[in-house]
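Everything below concerns the one structure shown next.
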Amino acid sequence: MNGMSVFYIFFNVTEEQEIKELFERDKAVIGFIFLDNYDEVTQGMEDQLRSKLLTRVTEALNRWSQEYDILLRRTSSDRFIAIFNEEALEALEEDRFTLLDEVREATAKERVALTLSFGIGSGESSLRELGGLAQSSLDLALGRGGDQVAIKQKNGKVRFYGGKSNAVEKRTRVRARVISHTIRDFIFESNKVLIMGHKNPDMDSIGAAIGMLKIAEANGKAGFIVLDPEDMNPSVHKLVEEIQGHDPLWSSFITPQEAMEEATEDTLLIVVDTHRPSLVVEPKLLNRTDRVIVIDHHRRGEEFIQDAVLVYMEPYASSTAELVTELLEYQPNHPKLNVLESTALLSGIIVDTKSFAIRTGSRTFDAASYLKSKGADTILVQQFLKEDLSQYVKRSKLVESAYIYDGGIAIANGGIDETFDQLLIAQTADTLLTMNGVVASFVISIIDDGRVSISARSLGEVNVQVIMEKMGGGGHLTNAATQLENIDIEEAEELLKANIDEYLKGGSSS
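Using the numbering used here, the first residue of the sequence shown is number 3, and each one after it goes up by one.
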């Protein structure tokens, strides 16, 4: 090199790197543990049996804390705090938090099933911030139905584990009454009420919106339902056509553009059947008013409407229509429902429960009974739900493509030559679930906008929500979906199989 000498200088950074890794492994992690249904399970239970039940839970938690070197302290009858480090958290994630299964199985021996929710905050040096992240994670886990772990970092994506058991009815009528009266107070303080569901609205979204409209009117305020005529689920066309024939009700439906003109800072905006800002009919409305109420029955996801003045989210409910029906019952002014309005609410319940077959609790039948007493017409519901023969034939083609992948999981693929609408894909998934030996179903198809859509259904043994969340979607334990961009249908099928395999091995989501 032209007579020039080259010098290399080497630095030994092994010790520095080891110290850095040791620091990262030893960073504090805080977890809040909550016994989801302790109060409900132990209510009226004999003291001896209650003590025995709690002993089983405490023993399982103590064994777990000793195994992973965790400081565990009980703060109340149904709450614990856990302090550990990142190294222990990594080991827990590798173990996929089998503690959840251990507690559920141990308490089942006493003929009850207690479940745990676990919120964890990590990645911060401040204990105060870690505590805030842990509480936020716990709220998220409980909002998704409990029996699961949520791990949150300040700038990281939330990771979930568990969620294998179906949500059970844990609501109380006291809460429904309090929420109903609180909504009434907010309506009184507003100049008008706008009600908005999700894009491509279904029966539940429109039925719940009509119910909230009646509450607004009963309290002397003008109410409007935001509906985009260009974006409607085919399943609601017959319902909307029926509404158009009733001028007093149809006059309360407005377009998103009209809603933006109507909204002021003093307007109350009520969002029904979704809690994700990206899914509402008109996201801009969320910033046009100071007061937003969220009423939903879906399990809570990471994306959430911020700064809502009231959130009524109950993943244990069959439908948002069921929640709204209870709110109607507790209104002091007793809103009057006509046949069409009560039938619309009942349609939302019937569709979301598959005619009372899934996600149905005693409160669901109570709500249906109330609506029937107000004139709900079950024959009219069937008219709304009728389908065309051509749709039936297309669904049969999708069913014909189905095969059993693993453990009773059916997969159907619509192929590359034909597109199917979202409703048809969902109906096919429902149909596959009625077949002998099928415990979960997934239907993959190209939809009209070119994306690949997957609809997933389950009888409860398989949590399709966590599988769909891994693929950017979400939903319920027994009912979920996702849409994928920049991927062909064969790649989507392979990705689905990989995520099913991952779930069957132990099951984490996100």
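We put the beta carbon where it would ideally sit given N, CA and C, even for glycine. Model, not experiment: these values are computed from the prediction.
- The three-state secondary structure of Gly134, taken from DSSP, is helix.
- Take the alpha-carbon of Ile83 and the one of Ala323: they are about 37 Å apart.
- Distance check between Glu495 and each of Ile418, Asn465 and Ser392 places Ile418 closest, using alpha-carbon atoms only.
- Within 10 angstroms of the beta-carbon of Asn481 lie 16 or more other beta-carbons, which makes it buried.
- By the Cβ rule, the segment 443-456 counts as touching the segment 407-416, because three or more pairs are nearer than 8 Å.
- According to the DSSP secondary-structure assignment, Asp298 is paired through a beta bridge with Met315.
- Under a 10 Å Cβ-count criterion, Glu471 is classified as buried, with 16 or more other Cβ atoms of the shown protein chains found around its own Cβ.
- Listed in chain order, the non-local C-beta contacts of Glu267 below 7 Å within the same chain comprise Thr291 and Asp292, local neighbours out to five positions each way being set aside.
- Thr433 and Leu425 have their C-alpha atoms some 12 Å from each other.
- Residues Leu342 of the same chain have their beta carbon placed closer than 7 Å to that of Glu244, with the five preceding and five following residues left out of the count.
- By DSSP's assignment, Asp408 forms a beta bridge with Ile411.
- Taken in chain order, the complete beta strand (DSSP E) segments of 3 or more residues contained in the segment 406-476 are 411-415, 442-448 and 454-460.
- DSSP links Ala84 through a beta bridge to Gly33 and Leu74.
- In the three-state scheme derived from DSSP, where H, G and I count as helix and E and B as strand, Thr484 is classed as strand.
- Our two residues, Glu61 and Ala110, have alpha carbons roughly 15 Å apart in a direct line.
- Here Thr345 is buried. Its C-beta has 16 or more other C-beta atoms within 10 Å.
- Under the three-state reduction of DSSP output, Phe12 falls in the coil class, being neither helix nor strand.
- The Cβ neighbour count for Leu391, taken over all protein chains shown within 10 Å, is under 16; the residue is labelled exposed.
- Collapsing the DSSP output to three states places Arg361 in coil.
- Of the residues assessed, His336 falls on the exposed side of the cut-off, its CB having fewer than 16 other CB atoms within 10 angstroms.
- Nearest in C-alpha terms to Asn465, of all of Asp149, Gly222 and His183, is Asp149.
- Linking Glu263 to Ile256 through their CA atoms gives a straight-line distance of about 11 Å.
- A Cβ-Cβ separation of about 15 Å leaves Asp206 out of contact with Val296 under the 8 Å criterion.
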